[in-house]
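Q: Pasting a structure here, questions to come.
Residue numbers (our numbering): 1117 to 1363.
Written as structure tokens, this is what we have:
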């Protein structure tokens, strides 16, 4: 029997042990993700990072109807064979391994997946791609906001027609809040670029030949989803797909 509400997993992170009370040792994610999922008519399940082998990841995914890979601190550059740039922050191998395990399990189960900012970058690295570790002030690179609590920029994007992302936008002008200091450099195996800014920065990826629902964007639809119906549509579409699969 189908669940009364689709359950959508949202990846979260553990706060550092020296964080002030009451968040000392907390599992946390911005409430904008939870609110956007709940507005779509689904139940948000916040998933704290922990060591997770493939079998355990399968068990977690079996309790979910969809998955959101959230934004956040940087993917460890060692995963794509590089030493960290001085600007790299928040590295957590537990977080990276946790999210890769969940993504692998979700794709194997054909679970609907929405990957946002770090989520897109992690997917690219998981597929053998690499990242430009610090795009800020690069010649020819436009503004893409400031991560780690900094102000976003509101950018416009070019989206390839005939893609899941284009269908989701349904002819509306693609735009959204960006606050990232890293970007896709080498595109991972089996991925293709489906959205960019005018400066060529990758803002959307898809898995070639994948027959499940997957949308991966570099911008942050959750930031403005409460007031922008186009951005809320990302979560509404995710929930609609989750309902379809949960029947």
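Ideal Cβ positions, reconstructed from N, Cα and C, are used throughout, including at glycine.
1. Pull up the DSSP beta-bridge partners for residue 1235, would you.
2. Measuring alpha carbon to alpha carbon, tell me which residue in 1148, 1144 and 1281 is nearest residue 1163.
3. Are residue 1219 and residue 1247 closer than 9 Å when you measure CB to CB?
4. Let me check understanding here. Comparing Cα to Cα, which of 1131, 1281 and 1171 lies closest to residue 1229?
5. State the start and end residues of the unbroken beta strand (DSSP E) segment that holds residue 1162.
6. For residue 1175 versus residue 1361, is the C-beta distance shorter than 9 Å?
7. Within its chain, find whatever has a CB closer than 7 Å to the CB of residue 1193; leave out the 5 residues flanking it on each side and keep chain order.
8. Between the Cα of residue 1275 and the Cα atoms of 1225, 1331 and 1295, which residue gives the shortest distance?
9. Let me check one thing: in DSSP terms, what residues is residue 1270 bridge-paired to?
10. Using the three-state DSSP reduction, which class does residue 1342 fall into: helix, strand or coil?
11. Would a C-beta distance cut-off of 9 Å place residue 1130 and residue 1191 closer than the cut-off?
12. Since residue 1195 and residue 1212 are thought to touch, with beta carbons under 8 Å apart, how far apart are those beta carbons, to the nearest angstrom?
A: Concretely, from the data shown:
1. What you label residue 1235 is simply residue 119 of the chain shown in a count that begins at 1. None; residue 1235 has no bridge partner.
2. The residue labelled residue 1163 in the question sits at position 47 within the chain shown. Of 1148, 1144 and 1281, the residue nearest in Cα terms is 1144.
3. Here residue 1219 is taken as the residue at index 103 of the chain shown, counted from 1. Here residue 1247 is taken as the residue at index 131 of the chain shown, counted from 1. No, the Cβ-Cβ distance between residue 1219 and residue 1247 is not below 9 Å.
4. The residue given as residue 1229 occupies position 113 in the chain shown. When only C-alpha atoms are compared, the closest one is 1281.
5. As a working mapping, residue 1162 is identified with position 46 in the chain shown. Residue 1162 -> beta strand (DSSP E) spans 1159-1164.
6. If you number the chain shown from 1, residue 1175 lands on position 59. If you number the chain shown from 1, residue 1361 lands on position 245. Against a cut-off of 9 Å, the Cβ pair of residue 1361 and residue 1175 comes out as no contact.
7. On the chain shown, residue 1193 is found 77 positions in, with the first residue counted as 1. So the list reads 1199, 1200, 1204 and 1249, once near-sequence residues are dropped.
8. Here residue 1275 refers to the residue found at position 159 when the chain shown is read from its first residue. The shortest C-alpha separation from residue 1275 is found at 1331.
9. If you number the chain shown from 1, residue 1270 lands on position 154. DSSP output for residue 1270 lists 1293 as bridge partner(s).
10. Locating residue 1342 in the chain shown gives position 226, where the first residue counts as 1. Correct three-state label for residue 1342: coil.
11. If you number the chain shown from 1, residue 1130 lands on position 14. If you number the chain shown from 1, residue 1191 lands on position 75. Contact flag unset, no.
12. Within the chain shown, residue 1195 is the residue found at index 79, counting from 1. Within the chain shown, residue 1212 is the residue found at index 96, counting from 1. With a Cβ gap of about 6 Å, residue 1195 and residue 1212 count as contacting.
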